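Numbering (my numbering), first residue to last: 1 to 654.
Below is one structure, written out as structure tokens; the observations come after it.
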């Protein structure tokens, strides 16, 4: 059944695989070993550490033991060729290489000779190797002739990896020496691997360049214009030029170039901003007039980021706490909108579509911007009032009014677009609003339809310069004609809204005018016009935050009470740009128009009492005979009626 091995002839091949990995002895020997300095040498194996410890102990206390020369099968005590037992003179320096064990790289004998004992044995301590003193890492051989390192257990590919690693370490040492030389020479250091460590000086150089901002010449600007036609502009260069230009304009006297005017810097800044942010030159000119330069940059940057998604809780069907818990259970990350709102929630992220949850379909909330809540809060509707929402689509503000009124009173939701009224009807049904009446009329003619409301909300159509983050097309598709056209329409609508309110209302008599625009022509200009044309005054909006409206803009001066109006910006309040003004009507009479004032389309309410005095026109001196005879022949009641009709046709001017 096969050959049997003779145990007496079995050759000793050294310790087994498990024996070489045992950790018992090195823990005990660690107490006697001094701490070794870590100089990046190769780590010794467990047997190597044991033998090193034995050599240290033997060196300190004399010969640790004797071993027969050439005894055993190991190569550690092998007798050198040509050496006899009578040779007491020892080895020469040329024969010191014989002391090197098998597979070892470098050996250094402790002494220059080996002393032999009388019985032919050599002292072990006389040729101990000091591999740690000279920094060489040797591979030790144990008593059985087996290598003490674990390289025998490694696969060929692992040995190749170790070899590559050692080569890399050698290269890294060479590179470090080169880098030290290159750091001394700044010109050569940019071409080597140490460029990342020298980013600090490079950044400092860039700052120095930016501080010394210089306006480009007209030739350079023409070249850039030609390049813009064929290639897209370099936005990084333009952004750096904008920053440098801003620094000069903030300290113009100290940093400007000689012979350069402020208008040249502003023209270059407007040109660069138009290229970097993709705005039209007209709109950027308007924005530069409204905002200071540092605030203008913040406004333009805020328009590049979408506003947070906000929802309004419908308290007709649920509470905000219950709605928030239900949405959190569906994987929605949300927070309360702010201390100023008791119904708003801001949505950070969601695993489900916010506009298709069961809570949304059940009418528990409405997707609505944070700025759209402010006009209704300023209107402050009361229960059992008659309220007009003149431009109601898509129904967010109308449903909020009904929510605050708790479905009491009456709301007339009007809009001039029949298609947009479909969304209003759908939202009112979904949210459970029962006190609203929907109408499709022109707001400019609304006092002829119905009047006598307690409060009116006018969210006038505008240019949309406050919601650029939602509609980026506003950056380029608006011009001066669009702004003036919107302003003219807003003036007509605000006069119609004021005429629709009953000044004698016990609880009301208020009008709230709001736009999603930041243009002065559509906001303060329209409000100042309404103050001149109707018997109204501005009152506080009741909002604790927001910036005051302008009382002076360029060469225009507005009424001082415009400080009570409020402006909201994306970069300061993190909501869409908005303007809100609140009027209080104190008389139903319409003031008489003066000749020096600008003409405007005025719509008089049918219930309003005219202030003009109607008098019959004076009789003509010479009348035709036939006409005079006919008037004399007419009966007295018919004559009076005719004179009264003529007086109505020709009212005397005051």
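Here a beta-carbon is modelled for each residue, glycine too, at the ideal position from N, C-alpha and C.
On a predicted model such as this, the values are computed, not experimentally measured, just so you know.
Other residues of its chain near residue i: CB distance less than 6 angstroms, five sequence neighbours each side excluded
| i | result |
| --- | --- |
| residue 548 | 563 |
| residue 269 | 245 |
| residue 559 | 528 and 531 |
Burial state of residue i (16 or more Cβ within 10 Å)
| i | result |
| --- | --- |
| residue 328 | exposed |
| residue 557 | exposed |
| residue 157 | exposed |
| residue 544 | exposed |
| residue 517 | buried |
| residue 425 | exposed |
| residue 495 | buried |
| residue 506 | exposed |
| residue 259 | exposed |
| residue 427 | buried |
| residue 586 | exposed |
| residue 381 | buried |
| residue 477 | exposed |
| residue 499 | buried |
Reduced DSSP secondary structure (H/G/I, E/B, other) of residue i
| i | result |
| --- | --- |
| residue 398 | helix |
| residue 406 | coil |
| residue 510 | strand |
| residue 285 | helix |
| residue 587 | coil |
| residue 538 | strand |
| residue 530 | helix |
| residue 8 | helix |
| residue 260 | coil |
| residue 389 | strand |
| residue 214 | coil |
| residue 357 | coil |
| residue 518 | coil |
| residue 468 | coil |
| residue 245 | helix |
| residue 412 | strand |
| residue 553 | strand |
| residue 558 | coil |
| residue 159 | helix |
| residue 317 | coil |
| residue 291 | coil |
| residue 582 | strand |
| residue 276 | helix |
| residue 302 | helix |
Range covered by the beta strand (DSSP E) that runs through residue i
| i | result |
| --- | --- |
| residue 336 | 332-336 |
| residue 656 | Shown here, the chain extends from 1 to 654; a query on residue 656 therefore has no answer. |
| residue 366 | 365-367 |
| residue 310 | 309-313 |
| residue 568 | 566-568 |
Segment limits, alpha helix (DSSP H) that includes residue i
| i | result |
| --- | --- |
| residue 350 | That residue, residue 350, is in no alpha helix (DSSP H); its beta strand (DSSP E) goes 344-350. |
| residue 255 | 252-255 |
| residue 493 | 480-499 |
| residue 457 | Premise fails: residue 457 lies in the beta strand (DSSP E), 455-459, not in any alpha helix (DSSP H). |
| residue 545 | Note, residue 545: premise wrong, no alpha helix (DSSP H); not H, not E. |
| residue 306 | No alpha helix (DSSP H) contains residue 306, which DSSP labels as neither H nor E. |
| residue 326 | 320-329 |
| residue 373 | 373-379 |
| residue 429 | 420-431 |
| residue 474 | First-last for residue 474: undefined, no H or E at that position. |
| residue 448 | 446-449 |
8 angstroms CB neighbourhood of residue i in its chain, flanking five on each side removed
| i | result |
| --- | --- |
| residue 8 | none |
| residue 406 | 316 and 383 |
| residue 394 | 420, 423, 424 and 427 |
| residue 323 | 313, 345, 359, 364 and 365 |
Close beta carbons around residue i, own chain, < 7 angstroms, minus the five adjacent residues each side
| i | result |
| --- | --- |
| residue 235 | 276 |
| residue 264 | 215 |
| residue 554 | 289 |
| residue 349 | 333 |
Below-8 angstroms beta-carbon distance, residue i vs any chain C residue
| i | result |
| --- | --- |
| residue 394 | No chain C appears in this structure, which consists of one protein chain only. |
- Message: With three or more C-beta pairs closer than 8 angstroms as the rule, is the region 478-486 touching the region 441-458?
- Response: no
- contact_flag[the region 362-378, the region 331-350] where n(CB pairs < 8 angstroms) is 3 or more: yes
- At least three beta-carbon pairs within less than 8 angstroms, the region 277-293 to the region 317-332: Touching, no.
- Query: Would you call the region 301-317 and the region 466-474 touching, i.e. three or more CB-CB distances under 8 angstroms?
  - Reply: The region 301-317, when compared against the region 466-474, does touch it at the 8 angstroms Cβ threshold.
- Message: Does the structure place the region 563-579 close enough to the region 501-511 that three or more beta carbon pairs sit under 8 angstroms?
- Response: Result no; under three Cβ-Cβ pairs closer than 8 angstroms.
- Is it true that the region 573-587 meets the region 528-539, where meeting means three or more beta-carbon pairs spaced less than 8 angstroms apart? yes
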